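Please read the structure below before turning to the comments.
Number of protein chains: 2
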Amino acid sequence: MYTVIHCAIAIAFAAFISGCLGAPFKSVNTCGYDVCNLGQSDKLNVHIVPHTHDDVGWLKTVDQYYYGTRNDIQHAAVQYILDSVIQALLENPDRRFIYVEIAFFWRWWMQQTEDMQNTVRKLVNEGHLEFISGGWSMNDEGVTHYSSIIDQHSLGAEFLRDQFGECGRPKLGWQIDPFGHSREVASLFAHMGFDGLFFGRVDFQDYAERNRTKRMEMIWKGSANLGAQSWLFTGILPRVYTAPQSFCFDYRCSDEPIKDDPHLYDYNVPERVQAFIDAAHIQARSYTTNHIMMTMGSDFHYENANEWFKNLEKLIKYVNAQQANGSDVNLFYSTPTCYLYALNKDNQTWTTKTDDFFPISFSQHGLWTGYFTSRPALKRYERYSNNILQVTRQLNAFSNSTLRQAIFPLNEAMGIVQHHDAVSGTEKQHVANDYAQRLSEGIDSVIYVINEAYKKLLSKENQSLPVPTQFLCHFSNISECLPIEGQDSFTLTIWNPTIQPIEDMIRVPVTKNYTIRNPTGGFIVAELIPISTPMKNIPGRTSSAQYELLFRAPIPALGFNTYYFQVKTDITIEKKSTIKVTHNEACILQNQHLRIEFDDQGNLNNITNQNRNFTVLFSAQGLYWYTSFPGNNSSPEFQASGAYFFRPLTSNTLPVSNSRNITCTYTNQVQKALIIYNNWASQEIKLYDGARIAEIEWIVGPIPIEDNIGKEIIMRYDTDIQSNGLFYTDANGREVLERKRDYRSTWNYTVYENVSGNYYPIASRIWIKDNKRQITILTDRSEGGSSMHDGSVELMIHRRTLYDDSQGVGEPMNETAYDKGLVICGKHFLIVEPPEYSALYHRPIAQHLYMNSISTYALSNLSYDNYSNSFRQTWSALTESIPYNVHLLTFDQLTSKVFLIRIEHYFELNEDDTYSKSVEVDLQSLFRNLGKIIYLLELTLGGNLPLNDMKRLVWQTIDNESSYSKSTDSNSLKSTVVTLNPMQIRTFQVTLQ
Amino acid sequence: MYTVIHCAIAIAFAAFISGCLGAPFKSVNTCGYDVCNLGQSDKLNVHIVPHTHDDVGWLKTVDQYYYGTRNDIQHAAVQYILDSVIQALLENPDRRFIYVEIAFFWRWWMQQTEDMQNTVRKLVNEGHLEFISGGWSMNDEGVTHYSSIIDQHSLGAEFLRDQFGECGRPKLGWQIDPFGHSREVASLFAHMGFDGLFFGRVDFQDYAERNRTKRMEMIWKGSANLGAQSWLFTGILPRVYTAPQSFCFDYRCSDEPIKDDPHLYDYNVPERVQAFIDAAHIQARSYTTNHIMMTMGSDFHYENANEWFKNLEKLIKYVNAQQANGSDVNLFYSTPTCYLYALNKDNQTWTTKTDDFFPISFSQHGLWTGYFTSRPALKRYERYSNNILQVTRQLNAFSNSTLRQAIFPLNEAMGIVQHHDAVSGTEKQHVANDYAQRLSEGIDSVIYVINEAYKKLLSKENQSLPVPTQFLCHFSNISECLPIEGQDSFTLTIWNPTIQPIEDMIRVPVTKNYTIRNPTGGFIVAELIPISTPMKNIPGRTSSAQYELLFRAPIPALGFNTYYFQVKTDITIEKKSTIKVTHNEACILQNQHLRIEFDDQGNLNNITNQNRNFTVLFSAQGLYWYTSFPGNNSSPEFQASGAYFFRPLTSNTLPVSNSRNITCTYTNQVQKALIIYNNWASQEIKLYDGARIAEIEWIVGPIPIEDNIGKEIIMRYDTDIQSNGLFYTDANGREVLERKRDYRSTWNYTVYENVSGNYYPIASRIWIKDNKRQITILTDRSEGGSSMHDGSVELMIHRRTLYDDSQGVGEPMNETAYDKGLVICGKHFLIVEPPEYSALYHRPIAQHLYMNSISTYALSNLSYDNYSNSFRQTWSALTESIPYNVHLLTFDQLTSKVFLIRIEHYFELNEDDTYSKSVEVDLQSLFRNLGKIIYLLELTLGGNLPLNDMKRLVWQTIDNESSYSKSTDSNSLKSTVVTLNPMQIRTFQVTLQ
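From first to last, the protein sequence lines stand for chains L and Z. Its first residue numbered 445, the first sequence is counted upward by one per residue in the working numbering. Its first residue numbered 445, the second sequence is counted upward by one per residue in the working numbering.
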């Protein structure tokens, strides 16, 4: 029996729905594959797929799109699309329609009467309206993190499951608009139970070759680790996602309608029928079966669905009537799902693909690689927001607060921001502001949950003192936390969301000096370190703090420590004797593991791994810029660099300055070199005591444009590593793909852009290596990156362009704040290890970077003794350690006794001798504080189907491989111990006693 | 019992409907005034009127608009509007909608299933959908002829009556877009049973004054002859016909929708509600009752009706909710009919108006006077087509052919061409071409009816020879009739559609000489006269005829004569001795009545009426031009002259040439003076033997524009008549209004344009007079005309401008043909009589001009004897004469025994001692050949309601006059003799035994 209970979305706005609905309609075989028209075997079967593509924000905000506000910017109004489509489906039972973006559908749904909801349920249950892909948005694939891709798909899937049951479950991925396609997304989709994936954009060279060789459809092997479970049938649409030329019948098109009244002028049935038959035959040339799919719709189409449907029905009628005259073209309403099913039933064998679709070119000089970096602040804020979201879920769950609905706004905002014109940075500025505001308001809303959770977790039994209110210091990244400034005492509580204990280096910006007590009451060693001048000068920083307190904080796994800060009675700042500073001298940063040498010009000369006893020489390291191509886009040669496209004027980079100042600082906890290039660019290389990695904190901006030159700023690492044209980049923070400069593995690649054509999306890491040495650079957000020559790695960290690149956004990529160009600060983490030891560090550190510990502050008048008597200062959900190669991806409380969790093996095969192996974990260990697991149900990755019920379509490759794979021991679970294979994610619904 | 049978439209396309439906639904008091919401007495009641304004051709053709073709020109698709509105009305029974243009509705209706038709019938019967005005189009008021206004309204009314019964009967006029308003239209509407009229455009000065003084609504006294029966409540809409600013919710607007979901961003209910309340209060300031009407719609709106209705309903909900907070604003869905009814129930008294709304100014320099002349060829073709239509109806009826449905295409085309962007000339060129084509195809289709009728009328009993096929020579106006060229024999049959016998001067262009026999076999005197060089040079004239045969043909009333032409055996052309010609000599044209003197420079010096013994001296007569203002329309000062607006650069006119050549020709039948100005302008003044009027035939064009100067050509008549600032112009070919130069009778008129501001539409005639003398000029089409100084009359006959005037058409008024500017030829008819005798001539001649005799030719190999033995050569429907002041306006056979006729007294009160009196006519006399009248039912002018059932709302004027008028003896008819008062039109359904 399937008793998934997760109706929190439905009740997220209690005003609308009073309780948990469950799934009111059961499938009665009137939806899904059973209702597919499979055409006629002797005909060219044309699957007519009415659809709308509704961007969850782009030129307008999501709510402007929903309501149809600001139609002066772009005419688009999703509320009317849904009104209209539902009406049209009711009018004619032959009609079918797919809907994709649940962010919009949910908005509409909440405004409907129960009668209308039931009407729509009937349409879904009878297969007229089909949800496809079903994410909250159609997520970007380049710059998104797998954690958030899964979340946003789960959010949509949960809504659909709750409201529509099995008939509402999407059966395939529909990524028709994103600007490149990630193998990891294919793998995730396969694990969500999707039977296929369709998308619209590939490289124009790739398209031409596939078109010519009838390889538009294939089996994509989504993982190098997970086998056939990760395979996904994948189809490239012939015209991105539009109708054949001249057959767009939407309001916003000007194509000729079918004029079939012979009594009126301009009767055009014969020529329109012939044109359509021709279009069908042309399309069929690129595909292998006697089925083709025609996507009949486009951006925000079907605002008046009748116009489309009315003409489509005339087309179907008159084209099919030609069969009597020998025509082989057979039209019928269908869906991508049914088209997929028809292909599956055709018993073909299919070519395979093992690499990904990155980067892709729109034209010779238009490569979708700029967006890998566009809007770096939003990209970081998105990652930070996810961090808060995951921590909040954990706090809610472990405190048994059952406040899931209060987390919904942040969850929803995160779902929206995954959209391919959101975190991608390809939206208009006002829309980017809206996304940031949504995340901000989402975070504001979960502060309540965090406090409710800590009320329980911090309180000692039989203590009645109110728990001090916890708050976040969002501006910690610029060393600012105004609420604690000048306070005599405050607490800092740090939650570690990983299942391993960690040691964090904590930086607290202060205006006074404090003693700090650890959870057991001991005073800890903290150093008061001056905040760097570049940091203090960041526009918008209003803090008067000149120093930050730096200390080492060990935090238990899945738990917290509280540190108590008490102002030092001696108000004079400590003597600075513990800190040694040099200016423009050669210097060496060194700890137990690494040694980093700079010359007196501020050049990083080498890094030595003292444990492994090797050195990497640097010929250059630091900040450079490309000149943005200043085109008018009138032809491919004049393609400008912009929000989507990165196109440098030349392949040459210029250093951001010809000289630099270097200041090295040595304290007990940290040694660091601050390199200031000019008044808008600096980097600080830090080596913490005991750290195995170096941290590079950079501050860039406002990028000057007074010279009317757009600039794209990179951080470059030029080493003596013999990388031999190869480099390695992650996909969405998970599996890593090998890249080869100026090369594509599936076609004979003609290089038109030798820089941009080698850029790849870096969601979490990039490395180069030779036999002995590997430098791995981890990022705190998605960036574009490459290796332009052997030994070199570069990451684009900021961009400011002066031209729109004519892909629709209509604005140059020119962010400002405080009337100046935007200042970005961020971090790289540098791992210098032998290849065989690198995963050991980059794997866990990458997980910590996206699931960082979260600090909350609280003000309290209580003395330390009173505080410690009343409140718990350390706590962990775990009593036993969990294997190092296991990651807790999701820990979400559905109801008081039911949880949704995902656990993950986060090492790939063969990358670490120890950890690239299967591992067992006892789920009960996660629930020590919550109760005994009495029921465990393994679900698909999206959480909307018992894994046992997942029956994916089976495909054959041209090499006679079958995609058939038996799902693992999902429902046969007799114990709470589960096995994880490398890169496997498993999703469970856990019921406690 | 009401048994009107006129279902011909419904069966016009027999493929759609198999029989006559009658009126399937009876009114059950769920429509009309009974279902009106009359608001609340203590509130400001805002009648929300959802509407669409669908131009029956303008920037696109009527069928392009219907289907939504060529949306690149203008997005507009009426098929979807009607689809969508019907759906929207079904969704919510509160909703109401009005539909106006039956040309579109009929197109849509014919494509609907019977189920859908019944659904719509239900909506109409329940008052949700209301037809308003209900003409085939929303006719222009300036340049239309009353005959065609009545026809086009009857066509729409008949369709509505047949399909919807009483609930489909429009109750008021809705002329929201035309560019000026005619008193005659008000009068006709009153006689159609309308209770009121609303329109949108008045002079901006008039608007300001009425707005200020709350005189936006009034009782318009529509006739100087017909008393309160012609009064019509008339309202001026506040914003032409649009919604209050920012409250347009159509797809094509960008106004903010009502965003009422507090969970989404940008909730805007409070500010939108306040803005609407403010708009209502502002509008209410201009009106006298506590009711106001807000027209919610515009051109081609409601293509997705849901968008409008959804937001309107939110507006109604939230604005009315403010009543709880003391707001006095009360919103509800309504119709103009219900708004009118609410005003009527308010028991106010109203100001009155006796003049008309011509001309009107859009701005200081933008006067809607150019369109009085724009596209003179189309204007003439429309008048000619009506002539054919009326003659065809008569032939069909008198031959008892019952082929009414075959006449429908011409009737339909005429209905379309009455549209205010059709015959007005304010459409794009390709649309003007479409109108002309429709008329042409309409005429082609009635050739069949004409032949079927003549088969009966021409055939003698017991004769079996087939009747020769009749054909029209459409190019007679340029002396071309190719089918008869070179023939040895042919017949010419001339139908006289008036109820008085006439004598026509017949001109037959020939390439040979012929003897001509009259119906009794006698040879008649005919003269072979050279065709003038300007005529022969008209581009497109392909005839090789150099001569035309001119002869006098007396034609019986409502009947025909056939003339038999036999080529003369002597192939040499007659000696020309009977014709005298002078070149550039002074000359005198003279007959029994008139004497016209020219000097040797071609100047018309004087005209003497020899009967009345007076002379009118001419200081000038002939062709002049105004320079079109070449503006860019960026502000009123830069307003260009264009299709709508006539704006001369200065008030000066230039003669089309400084010298002229005059050739006078004297024959027995005619004396004429051909005056050639240059290679593009000429006039020929003709005085036929026995004629009481002079005919001026002008040929103008191609107007040269090589100098980049737009030119507007006038024919001017400058006399010594002491006209004292006054002149007289007809309204739609009926009543004549006195005009005073630089003066408006209802407001203190500021003159900004001293030429254009004095232009008036001349549908049929203009005159000036003094005590003794009157010159009346009759036109063959509508033209703009004025009297710019005392003694002068001018008529604008052709225009060619180089700039669009920014009223939407987007093209200059620059017609071409054969790659040159269009050549126009036309006629003026000059009456020089004392004022008291002028009506005696201009009244009947004007009627003959629009219901001219129609010549059909036929080729036959029969000798005259064989022809005359087999075929009837003369015939009249009448045996007794009908009074001279009676005109047969309509004679239409509905079914074999049922006819619709209109008879008319066509003299005004006090304009003729003899004929300006009531007159009796026996209708039976019209049916002598058809049968005995057994039932006579008087109808409203539109033919859709028994006059006895017409109960118009009663209004009170501020002078305590009541509009109440008892209808005449309509249903009490005991005999077939009916009385007509001056200017009265009476409509009857006649049933024969």
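All residues carry an ideal CB built from backbone N, CA and C; glycine is no exception. Since we're looking at a predicted model, the values are computed, not measured.
About 5 angstroms separates the CB atoms of S577 (chain L) and G617 (chain L); that is less than 8 angstroms, so the two are in contact.
In this structure, Y1328 (chain L) and Y1308 (chain L) do not form a Cβ contact; the two beta carbons are roughly 35 angstroms apart against a cut-off of 8 angstroms. Boundaries for L1002 (chain L): no alpha helix (DSSP H) harbours it, and the DSSP string shows neither H nor E there. For the options Z:H495, Z:N1168, Z:V629 and Z:F1062, the alpha carbon positioned closest to that of S778 (chain Z) is the one of Z:H495. For R951 (chain Z), DSSP records a beta bridge to Z:L994. The way I'd put it, the segment 1224-1231 of chain Z doesn't touch the segment 832-844 of chain Z; fewer than three beta-carbon pairs between them come closer than 8 angstroms.
Considering only Z:S485, Z:T733 and Z:L1306, the residue with the shortest C-alpha distance to G679 (chain Z) is Z:T733.
Put simply, the backbone Cα of N1047 (chain Z) is about 7 angstroms away from that of A1064 (chain Z). Taking 8 angstroms as the cut-off, the Cβ atoms of L1380 (chain Z) and V1434 (chain Z) count as close.
Put simply, the segment 1334-1343 of chain L touches the segment 846-853 of chain L. At least three CB pairs are less than 8 angstroms apart. Of all residues in the segment 561-588 of chain L, none places a beta-carbon less than 7 angstroms from a beta-carbon of chain Z. Distance from Y695 (chain Z) to E747 (chain L) at the Cβ level is roughly 7 angstroms; contact confirmed, criterion being Cβ atoms closer than 8 angstroms. At a cut-off of 3 residues, the continuous stretches assigned as beta strand (DSSP E) that sit fully inside the segment 1159-1228 of chain Z are 1170-1174, 1180-1184, 1204-1206, 1209-1213 and 1218-1223. With respect to chain L, the C-beta atom of E1277 (chain Z) has no partner C-beta closer than 8 angstroms. The beta-carbon of T1220 (chain Z) is placed no less than 8 angstroms from the nearest beta-carbon of chain L.
Put simply, of Z:D639, Z:K658 and Z:H745 the residue whose alpha carbon is nearest the alpha carbon of T686 (chain Z) is Z:H745.
Assigned with DSSP and collapsed to three states, I894 (chain Z) falls in helix. Residue-level contact by beta carbon fails for T557 (chain Z) and chain L, as no gap is shorter than 8 angstroms. At least one beta carbon of chain L lies nearer than 8 angstroms to the beta carbon of E700 (chain Z). For M949 (chain Z), the closest of Z:R1316, Z:R1136, Z:T913 and Z:K956 by C-alpha to C-alpha distance is Z:R1136. Legend: CB atoms of the segment 512-529 of chain Z lying less than 9 angstroms from CB atoms of chain L belong to residues G512, T513, R514, N515, D516, I517, H519, A521, Q523, Y524, D527 and S528. Residues of chain Z whose Cβ lies closer than 9 angstroms to the Cβ of Y746 (chain L) do not exist, since the nearest Cβ in that chain is about 10 angstroms away. Taking the Cβ atoms as the reference, N921 (chain Z) lies roughly 46 angstroms from C611 (chain Z), outside the contact range of under 8 angstroms.
Interface criterion not met: the Cβ of L822 (chain L) is under 8 angstroms from no Cβ in chain Z. For L1374 (chain Z), there are no C-beta contacts with chain L under 9 angstroms, since the nearest C-beta of that chain is about 31 angstroms from it. In the structure shown, L573 (chain L) falls within a strand segment according to DSSP collapsed to helix, strand and coil. Distance between T813 (chain Z) and N1176 (chain Z), taken at the CA atoms: about 15 angstroms. Between the segment 818-825 of chain Z and the segment 640-657 of chain Z there are fewer than three inter-stretch CB-CB distances shorter than 8 angstroms, so the stretches are not counted as touching.
At a cut-off of 8 angstroms between beta-carbon atoms, L759 (chain L) makes no contact with chain Z.
Between the segment 578-593 of chain L and the segment 542-549 of chain L, the count of C-beta pairs closer than 8 angstroms reaches three or more; the two stretches touch.
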